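FYI, the working numbering numbers position 181 of the sequence shown as 1007, with every residue one higher than the one before it.
Okay, structure first, notes after.
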Amino acid sequence: MKSLAVIALLLLTGNLMAQDKSKPQPADAIFINGNIWVGAQLVSPMPPVSRAQALAVQGDHLVAVGSNEEIKKLKGLNTTVVDLAGRFVLPGFNDAHLHLSAGGFEKLQVNLVGTKSLAEMKQRIADGARKSAPNEWILGRGWDHTKWTEQVLPTRQDLDAVTGDHPAILGRIDGHISVANSAALKVAGIDRNTKAPSGGQIDRDANGEATGILRESAVALVGAKIPRPTPSQVRQAMELALADAAQWGLTSVQSQMLDNREWEDFLVCEDLEREGKLTTRVNMWLPFDGELAKIQQWRAHHPASDPMLHTGMLKAYMDGSLGSRTAAMREGFTDDPGNKGLSQWDPSKLNAMAAERADAGFQLGFHAIGDRGADMALDAFAEAQRFVREHDQSRSRREPRNRIEHDQVIESDQFARYKELGVIASVQPNHLLTDMNWAESHIGPARAKTSYPWRDFAKNGIMMAFGTDYPVEPLTPFRGIYAAVTRKNEEGTREYYPEQKLTIDEALAAYTYGSAYGEYSERDKGQLKSGMLADFVVLDRDLTKIAPNEILGTKVLRTVVGGKTVYKAD
Ligand SMILES: [Zn+2]
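Set out below in C-alpha cells:
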C-alpha cells in the first residue's frame, strides 16, 4: 500500500514536472506582425520559401518562429514586444567577401570613387595634401580611368603637380593597379633599372622611366614603405566600417585584413567584442602565403567556436582583375590578344602549399577572375584534397569547402570540376554593374556567355556565396541582389547575358544561406529557425514582390544581431 502511494506520488510529481516543462519559458523578446521570409537552402530549382508572422528570441538565439498566435504565448512579464508592422523580414545578410578595415580607411583617406576626370582626381588629392602634415604620405583609392572622359591612366607627373613633397600612392578601384608620385617611387628605390617582381609590372614611358603606374605585385614595392597605420587608426577605420555594415543589414561579414604582415584588424575586433561594440559577426581570413606556424598561432589565439569573431579561410591571389586585364586567361584578351594576364603563382609551389595548409585543417579561398586563374585554383584544390585523403585516413575532419573568390570568366568545362571538388563560388554580383561596360570587349562574346555565370552555377548544383568586395563596390546588398536578378545596369539601359539571371529567392538564399555555408556555419545562420542565431533584418519593402528596379532603393529599417538591435532607422 505504502509503496503504491510512493509510486503514485512519483508519477504525480513526474507529471507535474512534465507539465512545467511543456509550459513555455517566456522569451526575452518577441517580434510580431511581420512578413517573415524564413530563408532556405540554396538549391536549384528552389521550392517556395515559407513565411512566418512572428519570432521569439531568448539570449542570442531564436526559440520560435511561427504565427502571431504561437509566438504571443511566449510573452511574459519581462518580454519586450516589437511590432514589425507588416514589414518584410529576412535572415541577416552575410557578406562573404569584403575588406572591412579598408572600407573604413577609405573614409579616412583620399576618396577617389566616382571621379569623372583626371582633373577631378587631382583636385581631390590636392585637398588631401592641404590637410596633411609635412612629409606625411597621401593615400587613397577608388579612381577608375575607364569612367573618365580621357580614359588614360594617370602618371606620377599628374600627381607631382598636386602633392608637393608628400609621397603619394593611390589605388585604382579594383585594387590591382596603383599610381605613385615621384617622391613615393624614390622612397621605394624604383628607377629605370628596377626590375618588377614576378607577377607584377612597372609601367615605363618611351624613355624607360617609370610612369608611376604599378601593377599587381609591383604595388608592394611602394606599399612596403608606407608607415603602418597605428592601432588607433585601424580601430577608427573598423568602427566606421562596422557602422556601415549595421546600416546595410549585414549581420555577418567575411573579411580580408588590411594587409597580411600583421593582424591588427583581428585584435581591434577582439577589443571591440570585449567592449560590447562588435555589432557584426566577423570571420577574418588569414594569408595563405603566411608562415604556417604564424597562421596556426593566429588561428589558435581566439576560440573558433565564438560566433561573433573567429579566423577563417586562407586567402590567396591566383591573378589580377578583368578591368586592368591582369586576370590570368587561357587565351589572350580579345582587345589585347598578346596578353594572357598575370598569374601570381608557380603552380607546383601553389599546389604544394595548398596541400600542406589543407592538411593543417585550413579552408582555402583563392581569388580567380580569369579562366586560367580558376584552373590554377581548381588544380590546387584537387591536389590538396588528394593529399589530405591519402595522408589522413581518420575521416574525422570536416569536408573541404574550398572557395573561388570572384569566378568571373569560367569555361563550360570548369563547372564539373567545381561540382566534383565541392568548390563554392564566392561571387559579388554587384561587380557586373560596373564590369558589363567593358567585359565583353575584353573577352569577346564566346567567353562572355559563361562569364559571371550564376545560372550555370545554380544549374550545376554549385553553392554560391554572395558578397560585395567592399570597398571596391559599395557595401549595400541591394545592388548585388538587383544585379543577380536583372543582369542589367542600374539605369536599366544595358543588359548582360540575361540567361544567367537568378530568381529573387535564389539571390536572397545565396546572400544568407550560401554565405553561411561558405564559412561552415549554415547550422547556426542564414535561416530563421528555432535554435539558430537571432540575426535578422527588417526592410521597408518585400523584395520578392516588387519590380526589380525598386530593389535598388530598399531601406533597412532594423538590423538585429544575436537578438540585439544594432541599427534602427529613424
Ligand atoms: Zn576582394
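Each residue gets a CB set at the ideal place from its N, CA and C atoms; glycine is no exception.
From a predicted model like this one, the values you see are computed outputs, not experimental measurements.
Residue i beta carbon near ligand 1 (any heavy atom closer than 7 Å)
i, result
"Q1082", "yes"
"D1261", "no"
"H925", "yes"
"D1085", "no"
"V883", "no"
"V988", "no"
"D1145", "no"
"D984", "no"
"D921", "no"
"D1331", "no"
"D1233", "no"
"D1201", "no"
"D1000", "no"
"V1298", "yes"
"D1115", "no"
"D1295", "yes"
Where residue i falls, given that 16 or more other Cβ within 10 Å makes a residue buried
i, result
"D984", "buried"
"Q1326", "buried"
"G860", "buried"
"Q1234", "buried"
"T981", "buried"
"H1127", "exposed"
"R1384", "buried"
"S943", "exposed"
"G1102", "exposed"
"H923", "buried"
"V1386", "buried"
"H971", "buried"
"E1096", "buried"
"Q949", "exposed"
"N961", "exposed"
"L900", "buried"
"N1165", "exposed"
Identity of the residues DSSP links to residue i by a beta bridge
i, result
"G1232", "Position check: residue 1232 holds His in this sequence, whereas Gly was assumed. Answer is A1194, bridged to H1232."
"W863", "R877"
"V1253", "F1292"
"I1269", "DSSP, once it has assigned bridges, lists no residue as partnering I1269."
"Q1027", "R1041"
"S1004", "G997 and L1040"
"A1142", "F1192"
"M1110", "S1081 and T1137"
"K1394", "R1384"
"E1321", "K1314"
"Q1423", "As shown, the chain starts at 827 and ends at 1396. That puts residue 1423 outside it, with no answer to give."
"N937", "R967"
Cut-off 6 Å between Cβ atoms - residues of its own chain near residue i, not counting five sequence neighbours on either side
i, result
"E1237", "D1197"
"G1146", "H1002, E1042, T1152, A1153 and L1168"
"V1094", "V1060, R1061 and M1064"
"N1256", "T1294, E1299, R1305, G1306 and A1309"
"A1210", "A1180, A1181 and A1184"
"G1038", "T981, R982, V1005 and A1006"
Residue i and residue j closer than 8 Å at C-beta
i, j, result
"G918", "L1076", "yes"
"D909", "Q884", "no"
"T1338", "N920", "yes"
"A890", "L881", "yes"
"A1009", "P1023", "no"
"Y1346", "A1274", "no"
"M947", "E1332", "no"
"A1208", "L1247", "yes"
"V978", "L1354", "no"
"G1138", "Q1219", "no"
"A1200", "Q1240", "yes"
"M1202", "L1176", "yes"
"W1280", "L1328", "yes"
"P1226", "V1311", "no"
Proximal residues to residue i (C-beta, below 7 Å), its chain only, five neighbours per side dropped
i, result
"D1161", "S1267 and H1268"
"E1035", "R1018"
"R1367", "F914, E1376 and T1380"
"A955", "I964, V988, T989, G990 and H992"
"D1205", "P1173 and N1177"
"D886", "L1359, A1360, G1388 and G1389"
"K933", "L1066"
"R998", "W969, D970, S1004 and S1150"
Cβ neighbours of residue i in the same chain (closer than 8 Å, five flanking residues each side left out)
i, result
"E1348", "Q867, Y1339 and A1342"
"K1141", "Q1082, W1111, L1112, P1113, F1114, G1191, F1192, H1193 and E1231"
"K898", "I856, I858 and A880"
Within-8 Å CB hit, residue i to chain B
i, result
"A1200", "Considering every chain present, this structure includes no chain B. It has just one protein chain."
Near ligand 3: residue i beta-carbon under 7 Å from a heavy atom
i, result
"L1011", "Here the bound small molecules are ligand 1; ligand 3 is not part of this structure."
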